[in-house]
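J.:
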Amino acid sequence: MMKPKIAFFDFACCEGCQLQVVNLEAEMVDLLGAVEIVQFREALSEKSDDYAIAFVEGSITREKDIPRLKKIREQASILVALGACAAIGGVNCLKNFQPLDEVRRYVYGDKADWYETFAARPIDAVVPVPLVEIHPCGYARTRRQASAARPSAKSSALAGSGAALEMEVSEP
Numbered sequence: 482m483m484k485p486k487i488a489f490f491d492f493a494c495c496e497g498c499q500l501q502v503v504n505l506e507a508e509m510v511d512l513l514g515a516v517e518i519v520q521f522r523e524a525l526s527e528k529s530d531d532y533a534i535a536f537v538e539g540s541i542t543r544e545k546d547i548p549r550l551k552k553i554r555e556q557a558s559i560l561v562a563l564g565a566c567a568a569i570g571g572v573n574c575l576k577n578f579q580p581l582d583e584v585r586r587y588v589y590g591d592k593a594d595w596y597e598t599f600a601a602r603p604i605d606a607v608v609p610v611p612l613v614e615i616h617p618c619g620y621a622r623t624r625r626q627a628s629a630a631r632p633s634a635k636s637s638a639l640a641g642s643g644a645a646l647e648m649e650v651s652e653p
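Per the numbering used here, the very first residue in the sequence shown carries number 482; after that it's consecutive.
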């Protein structure tokens with residue numbers, strides 16, 4: 482049986498959610514036995530556009546993010562919003578409560594005009610995310626830990642794949 486091919490992508494974020502995946506350590510052995518990771522900037526130098534499951538971290542904050550995210554969505558049979566930034570816009574949405582020109586000047590100074598940005602939004606504001614969102618930042622390693630941290634529906638992100646990795650998910 483072929484292992485499902487998965488890829489990880491990032492947009493505007495701290496990339497902490499991807500680092501948490503890398504930090505799974507012992508659980509990573511089970512994960513690697515169940516799936517083939519074909520793209521993961523935090524852990525691999527190789528890249529492939531041949532994947533069925535895409536984990537997307539980060540919020541959408543630039544016009545050029547939109548076609549990239551749409552291409553990822555078209556390729557993936559399953560799209561997973563990984564972390565608070567992808568699922569709800571995260572901390573990046575704080576800029577949405579201030580005039581954008583002021584935010585750009587504060588962050589980039591006299592180079593503000595060099596940087597394109599618009600109001601931050603979660604990925605489901607651009608493409609449908611029909612299956613899974615993994616919340617919050619720093620998700621728990623086990624179902625028991627996850628339910629103590631945040632009560633909601635729980636499911637294995639890779640149900641049926643044989644992976645021992647379980648994460649908190651919220652189902653639509």
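Every residue gets a Cβ at the ideal spot worked out from N, C-alpha and C, and that includes glycine.
#1: Of the choices Tyr587, Asn577 and Glu538, whose alpha-carbon is the least far from that of Asp605?
#2: Hey, quick one: how far does the alpha helix (DSSP H) through Val502 stretch, first residue to last?
#3: Tell me the rounded alpha-carbon separation between Lys552 and Asp530.
#4: Compute the Euclidean distance between the alpha carbons of Gly571 and Val610, then round it to the nearest angstrom.
#5: Can you tell me where the alpha helix (DSSP H) with Val588 in it begins and where it stops?
#6: Measure the Cβ-Cβ separation of Arg585 and Ile541 and say whether it is below 7 Å.
#7: Between which two residues does the alpha helix (DSSP H) holding Glu515 run?
#8: Which of the three DSSP states, helix, strand or coil, is assigned to Arg549?
T.: This is what the structure gives:
#1: Closest option to Asp605, judged by alpha-carbon separation, among Tyr587, Asn577 and Glu538: Glu538.
#2: Segment Gly497 to Val503, the alpha helix (DSSP H) holding Val502.
#3: Computed Cα separation, rounded: 10 Å.
#4: Taking the straight line joining both Cα atoms gives about 16 Å.
#5: Per DSSP, Val588 is one residue of the alpha helix (DSSP H) stretching across Leu581 to Tyr589.
#6: Arg585 is not a Cβ neighbour of Ile541, given a cutoff of 7 Å.
#7: One detail in the question is off: residue 515 reads as Ala in this sequence, not Glu. It spans Ala507 to Ala515 - the alpha helix (DSSP H) in which Ala515 sits, taken as one unbroken run.
#8: If DSSP states are grouped into helix, strand and coil, Arg549 belongs with the helices.
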